[in-house]
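The structure under discussion appears below in the form of structure tokens.
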Amino acid sequence: MTASPHPHGSRLRRFLHALGPAMHRPRGAEPFRAGLGAGLGLLAVGLLLAHARMLGGSSLQQALLVAPMGATAFLLFSIPNSPLAQPWSAIVGNTSAALVALTVMLVPMPPPVSIALAVGLAICVMGLTRSLHPPGAAVALATVLEVQHAGHPGYVFALSPILLDTALLVLMAVIWNRATGRKYPFRQPPEPSSETDAASSLSTEDLEDILDRFRQSPNIGPADLRRILVAAEEEAARRIYGAVTAGQVMTRDPVAVRVGTRLSVLADLFRKHDFKTVPVVGAQGRLRGLISQNDLIQRARDHATSHHNSFAAAMGALARATVRGSMRAGDIMRRDPKAVAPSTPIGELIPMLADQGLQAVPVVQDERLVGIVTRSDMMRVLAQGLTLRPLIAGEALTRSPDPAPPDPRPSS
Numbered sequence: 016m017t018a019s020p021h022p023h024g025s026r027l028r029r030f031l032h033a034l035g036p037a038m039h040r041p042r043g044a045e046p047f048r049a050g051l052g053a054g055l056g057l058l059a060v061g062l063l064l065a066h067a068r069m070l071g072g073s074s075l076q077q078a079l080l081v082a083p084m085g086a087t088a089f090l091l092f093s094i095p096n097s098p099l100a101q102p103w104s105a106i107v108g109n110t111s112a113a114l115v116a117l118t119v120m121l122v123p124m125p126p127p128v129s130i131a132l133a134v135g136l137a138i139c140v141m142g143l144t145r146s147l148h149p150p151g152a153a154v155a156l157a158t159v160l161e162v163q164h165a166g167h168p169g170y171v172f173a174l175s176p177i178l179l180d181t182a183l184l185v186l187m188a189v190i191w192n193r194a195t196g197r198k199y200p201f202r203q204p205p206e207p208s209s210e211t212d213a214a215s216s217l218s219t220e221d222l223e224d225i226l227d228r229f230r231q232s233p234n235i236g237p238a239d240l241r242r243i244l245v246a247a248e249e250e251a252a253r254r255i256y257g258a259v260t261a262g263q264v265m266t267r268d269p270v271a272v273r274v275g276t277r278l279s280v281l282a283d284l285f286r287k288h289d290f291k292t293v294p295v296v297g298a299q300g301r302l303r304g305l306i307s308q309n310d311l312i313q314r315a316r317d318h319a320t321s322h323h324n325s326f327a328a329a330m331g332a333l334a335r336a337t338v339r340g341s342m343r344a345g346d347i348m349r350r351d352p353k354a355v356a357p358s359t360p361i362g363e364l365i366p367m368l369a370d371q372g373l374q375a376v377p378v379v380q381d382e383r384l385v386g387i388v389t390r391s392d393m394m395r396v397l398a399q400g401l402t403l404r405p406l407i408a409g410e411a412l413t414r415s416p417d418p419a420p421p422d423p424r425p426s427s
């Protein structure tokens, strides 16, 4: 084993690289959107405060923009999705920091001690009130300097200008961000819960623990982390299974019923075959809808509720109704179902089957039903993992479809 010929040079390069930009280049005009919004927001707040001073006289002479609002504007307009930029963090963080600093200044101390104590305690209070807002530390410092320069203004200083400035700036951020396509407030963090989401096997508490472990709680919320994880899972699936298409894994020529098929025939089809979903076709095999076992059961449940009878009696009533011709497949099918082309990568089907609650996805070509991808089909592919060479070469995973039952009525 030989040592690296230039270990110090390698360390120096890593150190210099660490001093470089840590952020990706922003997309499009985002910096201009944020900068223009912050400028217009501060301008609007400044004009409103100036107008208030003119109308309010001496009672509103403290209604001035203070320096830390520039930092608050940066967060509200540049990174409106950050937990640090949400209304609670901004308003409560800035106001509580001012209150802490005003309290500290009631005790005579050397200026450096007052500054250190005010800023340190302000950070503690913001953390305890779940209102971490970096400009709040600047508010605490600015408050100490204001007291040293002009005397103690009383606790009203926390209300005006601090609370007033921040609230107006948050209002401007709501208007600007929503007008330019950004959601603000971004979200309200959910209460801790052990329930899991269909899109992820991790509970909210699990996500919060992960964020705490990596010390990222102030930077990203659990709801945002869940969205990132789900998007990463979907992207990984596209990369792994990108060469495999729906046409290669679909069940070809699946059993289908007509729009006019009786529900009794449909019920027999579900009972005799291990089907969860049956497509409904019209003329020339064009896809018209989908019917799942749940659709049939839900119709019987609704019938039982409305007629105050048992579920079994409702199923029997539906069967008798079909004999009289009042209930057909077209009456309960889900119209215009989501469908894909044979060339669609199966990575795009995974979120449809996993997250959107679909039991099957029809495959159509020129609006005609040519196959169907079920959860069972997808499980066979996922079970194979990366050993998909036979599939990529064209060996489709299909099962022999059962013959369609005779339909006494023509398609409509």
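Here the sequence shown is numbered in this note's numbering, starting from 16 and rising by one per residue.
Cβ coordinates follow ideal geometry from the N, Cα and C atoms, glycine included.
8 Å Cβ cutoff met for Leu80 and Leu91: By 1-based counting over the sequence shown, the position of residue 80 is 65. By 1-based counting over the sequence shown, the position of residue 91 is 76. No, the Cβ-Cβ distance between Leu80 and Leu91 is not below 8 Å.
Whether Ile312 touches Val185 by CB criterion (8 Å): Translated into positions along the sequence shown, residue 312 becomes position 297. Translated into positions along the sequence shown, residue 185 becomes position 170. The answer is no: Cβ separation not under 8 Å.
Close Cβ partners of Arg301 (< 7 Å) along its chain, the five nearest in sequence each way excluded: Your numbering for residue 301 matches position 286 in the sequence shown. Sequence-distant partners of Arg301 (beyond 5 residues in either direction) whose C-beta falls short of 7 Å from its own C-beta, in its chain, are Glu382 and Arg383.
Cβ pair Ala344, Ile306 closer than 8 Å: Taking the first residue of the sequence shown as position 1, residue 344 is located at position 329. Taking the first residue of the sequence shown as position 1, residue 306 is located at position 291. Ile306 is positioned such that its CB atom lies closer than 8 Å to that of Ala344.
Assigned exposure category for Leu271 - 16 Cβ within 10 Å defines buried: Taking the first residue of the sequence shown as position 1, residue 271 is located at position 256. A small fix is needed here, since residue 271 is Ala in this sequence, not Leu. Classification of Ala271: buried, given that the 10 Å Cβ count is 16 or more.
Distance CB(Leu222)-CB(Arg241) smaller than 8 Å: Residue 222 sits at position 207 when you count from the first residue of the sequence shown. Residue 241 sits at position 226 when you count from the first residue of the sequence shown. Yes, they are a contact pair.
Gln380 - DSSP class collapsed to helix/strand/coil: Translated into positions along the sequence shown, residue 380 becomes position 365. DSSP places Gln380 in the strand class (E or B) of the three-state scheme.
Start-to-end residues for the alpha helix (DSSP H) that takes in Ser307: As a position in the sequence shown, residue 307 is number 292, starting the count at 1. In the DSSP assignment, Ser307 falls outside any alpha helix (DSSP H) and lies within the beta strand (DSSP E) extending over Leu302 to Ser307.
Beta-ladder partner(s) of Thr389, from DSSP: Position 374 of the sequence shown holds residue 389. Bridge partners of Thr389: Ala375.
Residues that DSSP places opposite Arg267 in a beta bridge: As a working note, residue 267 is residue 252 in the sequence shown. According to DSSP, Arg267 bridges with Gly386.
Coil, strand or helix - Leu121 by DSSP: As a position in the sequence shown, residue 121 is number 106, starting the count at 1. The answer is coil: DSSP assigns Leu121 none of H, G, I, E or B.
Backbone secondary structure at Thr260 - three-state DSSP: If you number the sequence shown from 1, residue 260 lands on position 245. In the three-state DSSP reduction, Thr260 falls in the strand class (E or B).
Distance, Gly24 Cα to Phe30 Cα: For the purposes of this step, residue 30 is taken as the residue at position 15 of the sequence shown. For the purposes of this step, residue 24 is taken as the residue at position 9 of the sequence shown. If you draw a straight line from the Cα of Phe30 to the Cα of Gly24, it is about 10 Å long.
Closest residue to Leu114 among Arg48, Gly151, Leu62 and Val378 (Cα-Cα distance): For this step, residue 114 is matched to residue 99 along the sequence shown. Nearest of Arg48, Gly151, Leu62 and Val378 to Leu114, Cα basis: Gly151.
Residues that Val296 bridges to, as DSSP identifies them: Residue numbering aside, residue 296 sits at position 281 when the sequence shown is read from its first letter. Note: Val296 sits in a beta bridge opposite Arg273 and Leu302.
Val355 - partner residues in DSSP beta bridges: Start at 1 with the first residue of the sequence shown, and residue 355 comes out as number 340. Beta-bridge pairing by DSSP links Val355 to Val378.
Cβ distance (whole Å) where Thr266 is taken to contact Thr181 below 8 Å: The residue labelled residue 266 in the question sits at position 251 within the sequence shown. The residue labelled residue 181 in the question sits at position 166 within the sequence shown. Not a contact, Cβ separation roughly 59 Å.
Val355 versus Ala157: straight-line alpha-carbon distance, rounded: As a first step, residue 355 must be located in the sequence shown, where it is residue number 340. As a first step, residue 157 must be located in the sequence shown, where it is residue number 142. Between Val355 and Ala157, the C-alpha separation is close to 60 Å.
Under the three-state DSSP convention, the category Ala213 falls into: Position 198 of the sequence shown, counting from 1, holds the residue named residue 213. Interpretation of Ala213 is limited by its pLDDT of 43, a score under 50 that renders its predicted location unreliable; the figure taken from the coordinates is listed afterwards. Ala213 carries a coil assignment under DSSP once its states are collapsed to helix, strand and coil.
7 Å CB neighbourhood of Tyr199 in its chain, flanking five on each side removed: Counting from one through the sequence shown, the residue named residue 199 turns up at place 184. Closer than 7 Å at Cβ, skipping near neighbours: Pro95, Ala188, Val189, Asn192 and Arg193.
Close beta carbons around Thr195, own chain, < 8 Å, minus the five adjacent residues each side: The residue labelled residue 195 in the question sits at position 180 within the sequence shown. For Thr195, same chain residues with a beta-carbon under 8 Å away, outside a window of 5 residues either side, are Arg48 and Gly52 in chain order.
Val338 to Leu284 span [Cα, whole Å]: Taking the first residue of the sequence shown as 1, we reach residue 338 at position 323. Taking the first residue of the sequence shown as 1, we reach residue 284 at position 269. Any reading at Val338 must be qualified, since the residue scores a pLDDT of 46, below 50, and its modelled position is unreliable; the value itself is stated next. Rounded to whole angstroms, the separation of the alpha carbons of Leu284 and Val338 is 16 Å.
Check: His32 C-beta below 7 Å from any heavy atom of the ligand ATP: For the ligand ATP, the structure offers nothing, since it holds no ligand at all.
Whole-angstrom C-beta distance between Gln101 and Phe201, which should lie under 8 Å: For this step, residue 201 is matched to residue 186 along the sequence shown. For this step, residue 101 is matched to residue 86 along the sequence shown. With a contact defined as Cβ atoms closer than 8 Å, Phe201 and Gln101 qualify at about 7 Å.
For Pro237 and Ser218, the rounded distance between their alpha carbons: In the sequence shown, residue 218 corresponds to position 203, counting from 1. In the sequence shown, residue 237 corresponds to position 222, counting from 1. Using only the alpha carbons, I get a separation of about 9 Å.
Test item: CB-CB of Pro233 and Pro269 under 8 Å: Your numbering for residue 233 matches position 218 in the sequence shown. Your numbering for residue 269 matches position 254 in the sequence shown. Not in contact: Pro233 and Pro269 (Cβ atoms no closer than 8 Å).
Cβ-based burial, Leu132 [other Cβ within 10 Å; buried from 16]: The count along the sequence shown starts at 1 and reaches residue 132 at position 117. By the 10 Å Cβ count, Leu132 comes out buried.
Selected residue, minimal CA-CA separation from His164, among Ile243, Pro126 and Gln263: Translated into positions along the sequence shown, residue 164 becomes position 149. The option with the nearest alpha carbon to His164 is Pro126.
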